[in-house]
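If you're matching them up, the sequences are chains A and B in order.
In this text, residue positions in the first sequence follow our numbering: the first is 2, and each later residue adds one.
In this text, residue positions in the second sequence follow our numbering: the first is 119, and each later residue adds one.
The block underneath contains the structure these notes are about, expressed in structure tokens.
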Amino acid sequence: MAWLMRGKDEFVDSVAENLLDRLQDCRKTFPTALCLGGSLEAIRRLLHGRGGMEKLIMMDMSFDMIKVLKDTDEKFARNNLETFYVVGDEEFLPIKENSLDLVISCLGLHWTNDLPGAMIQARLALRPDGLFLAAILGGETLKELRIACTIAQMEREGGISPRLSPLAQVRDAGNLLTRAGFSLPGVDVDEYTVKYDSALELIEHLRSMGETNALFQRSNILKKDIALATAAVYQSMFGGEDGTVPATFQVIYMTGWKEHPSQQRAKRRGSATASFGDIQKHFGRGSC
Amino acid sequence: MVRVSRVLLFKDGGGGGGNALLTVLSEILVCPLSKQPLRHCPDSRSLVSDAVGVSFPIVNGIPCLVPKDGKLLEDQIKLKVDDSCIAKGES
């Protein structure tokens, strides 16, 4: 656990900042919000009263994590914001239907086994016109490490085993939102390149974020020579001239709204009363 | 020293956090398994889901609503921890 409680992390902070920034793009306020596991600490620290929240529920799978957050709660003096701490599982969301205005998740949902199920439950918990906002790591994340690890394993063992958790691709994110029944789905992608002094430092950072392999059926032992070979391959294939090694983090931002009559939607096919030909005639003449 | 701070935390969780917890409980929290309302049982410091007969502990003022933390109520009757609470619930 000590790894996970290091506190500030620039990569996580910039993702959380980017996510919270989106709240300011909405005219709506979000009095009741649920923040799902992942980078709760960053969200709480960077919130600065955005989104007009009055009640904020912080939920994580880990009791220790929630307890640390609750114990440090007093440090964050906030006006008009009540924060509650709950231990819960996204796949068994303990939230009443139609009771939230916002569900926000920063780098947490790629850990769930049943992502569509978790998103459907999030939608049910939202009030009509409530917002679902999530950042997850995408499939391009750590592509350098995947390549280096594969090459090292092929070379030493003549085969490969999954060392990195499978992650959602960008096209999956859109499908997930639609499948979970969100309206006005929006997906966008951001790539961050973090430079490390060495490949070992990268592993250390991953551990501190808690982002090491979550696969259950993985082979538990990473032999030392393979680890060293991976580091060597990484350094030689991707290392920069100044000796630093880059690592790519692809973050997929997902936005979805719970259906509400006020939202714009496409009209029924064949319901148009004017033809495009007429429009062209009209505007074509006007512009000449 | 550790013990003292623990006692303080416990008091804080039981007193100040308790009322706020009840409000959020009635408005937002439900049983994670059945999505039915939870009943607060102050004697055993737990949240009881009557729909499925499971109780979820409140530790240091933090409700633990993960299914694996839930205890079937029959076990609690054996332990005689929850007796008074159940009697209240039935009456």
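Even glycine gets a Cβ: it sits at the ideal position worked out from N, Cα and C.
Quick caveat: nothing in here was measured; it's all calculated off a predicted structure.
Original post:
Of the choices Tyr193(A), Trp112(A), Met255(A), Val13(A), whose alpha-carbon is the least far from that of lysine 144(A)?
Top reply: Checking every option, the nearest Cα to that of lysine 144(A) belongs to Tyr193(A).
**OP:** For leucine 147(B), decide whether its Cβ has a neighbour in chain A, counting only Cβ atoms nearer than 8 Å.
**Re:** Taking Cβ atoms only, chain A reaches closer than 8 Å to leucine 147(B), which makes this a yes.
Original post:
With which residues is leucine 47(A) paired in a DSSP beta bridge?
Top reply: Answer is none; leucine 47(A) lacks a bridge partner.
Original post:
Which chain B residues are close to isoleucine 58(A), counting only those with a beta carbon under 9 Å from its beta carbon?
Top reply: Chain B residues near isoleucine 58(A): Val142, Ile146, Leu147.
Original post:
What span of residues does the alpha helix (DSSP H) with isoleucine 152(A) cover, start to end?
Top reply: Where isoleucine 152(A) is concerned, the enclosing alpha helix (DSSP H) stretches over 144 to 158.
Original post:
Name the DSSP bridge partner or partners of arginine 157(B)?
Top reply: For arginine 157(B), which the question treats as bridged, DSSP gives the partners Val166(B).
Subject >> Close beta carbons around glycine 109(A), own chain, < 6 Å, minus the five adjacent residues each side >> reply: Excluding positions up to five away in sequence, the list reads Leu37, Gly38, Gly39.
**OP:** Identify which residue in Gly179(B), Val184(B), Glu192(B) has its Cα closest to the Cα of valine 296(A).
**Re:** Not covered by the structure: residue 296(A). The range shown for chain A is 2 to 289.
**OP:** Sort out for me which residues DSSP pairs aspartate 90(A) with in a bridge.
**Re:** For aspartate 90(A), DSSP records a beta bridge to Phe93(A).
Original post:
Apart from the five residues just before and just after lysine 196(A), which ones in its own chain have a Cβ nearer than 6 Å to its Cβ?
Top reply: Cβ contact annotation for lysine 196(A) (same chain, cutoff 6 Å, sequence separation greater than five): Thr245, Pro247, in chain order.
Original post:
CB glutamate 98(A) to CB alanine 126(A), shorter than 8 Å?
Top reply: Their beta carbons are under 8 Å apart, which means glutamate 98(A) touches alanine 126(A) by this criterion.
Original post:
How should methionine 120(A) be labelled, buried or exposed, when 16 other C-beta atoms within 10 angstroms of its C-beta is the threshold for buried?
Top reply: The residue is buried, with at least 16 neighbouring Cβ atoms inside 10 Å.
Original post:
The beta strand (DSSP E) with phenylalanine 250(A) in it runs from where to where?
Top reply: In the DSSP annotation of this structure, the continuous segment of the beta strand (DSSP E) that includes phenylalanine 250(A) starts and ends at 246 to 258.
**OP:** Identify the contact partners of cysteine 182(B) in chain A, using a Cβ-Cβ distance below 7 Å as the criterion.
**Re:** Within chain A, the residues placing a beta-carbon under 7 Å from that of cysteine 182(B) are Phe64, Val88, ordered along the chain.
Original post:
Going along chain B, which residues have a C-beta under 9 Å from serine 106(A)?
Top reply: Within chain B, no residue comes near serine 106(A); the closest Cβ sits about 17 Å away, beyond 9 Å.
Subject >> Nearest-angstrom beta carbon gap, lysine 259(A) and proline 129(A) [assumed within contact, 8 Å] >> reply: Taking a contact as a CB-CB distance under 8 Å, the pair proline 129(A) and lysine 259(A) counts as one, their CB atoms being some 6 Å apart.
**OP:** Have a look at asparagine 81(A) and arginine 157(A) and give me their C-alpha separation to the nearest angstrom.
**Re:** Distance between asparagine 81(A) and arginine 157(A), taken at the CA atoms: about 59 Å.
Subject >> Boundaries (first-last residue) of the beta strand (DSSP E) holding glutamate 202(A) >> reply: Per DSSP, glutamate 202(A) is not a residue of any beta strand (DSSP E); the alpha helix (DSSP H) it occupies stretches across 200 to 210.
**OP:** Report buried or exposed for leucine 216(A), applying the criterion of at least 16 other Cβ atoms within 10 angstroms of its Cβ.
**Re:** Note that leucine 216(A) scores 48 on pLDDT, short of 50, meaning its location in the model is unreliable and no value can be drawn from it.
**OP:** List the endpoints of the continuous alpha helix (DSSP H) containing threonine 231(A).
**Re:** Residues 225 to 239.
Original post:
So what's glutamate 192(A) in DSSP terms, helix, strand or just coil?
Top reply: In the structure shown, glutamate 192(A) adopts extended strand secondary structure according to DSSP, grouped into three states.
Original post:
Are there 16 or more other CB atoms within 10 angstroms of the CB of serine 144(B), so buried, or fewer, so exposed?
Top reply: Only exposed fits serine 144(B), as fewer than 16 other CB atoms lie within 10 angstroms of its CB.
Original post:
Helix, strand or coil: which one does DSSP assign to leucine 190(B)?
Top reply: Reduced to three states, the DSSP call for leucine 190(B) is strand.
Original post:
Whose Cβ in chain B lies nearer than 9 Å to the Cβ of lysine 97(A)?
Top reply: For lysine 97(A), the residues of chain B that pass the 9 Å Cβ criterion are Glu145, Ile146, Leu147, Val148, Lys153, Pro155, in the order they occur in the chain.
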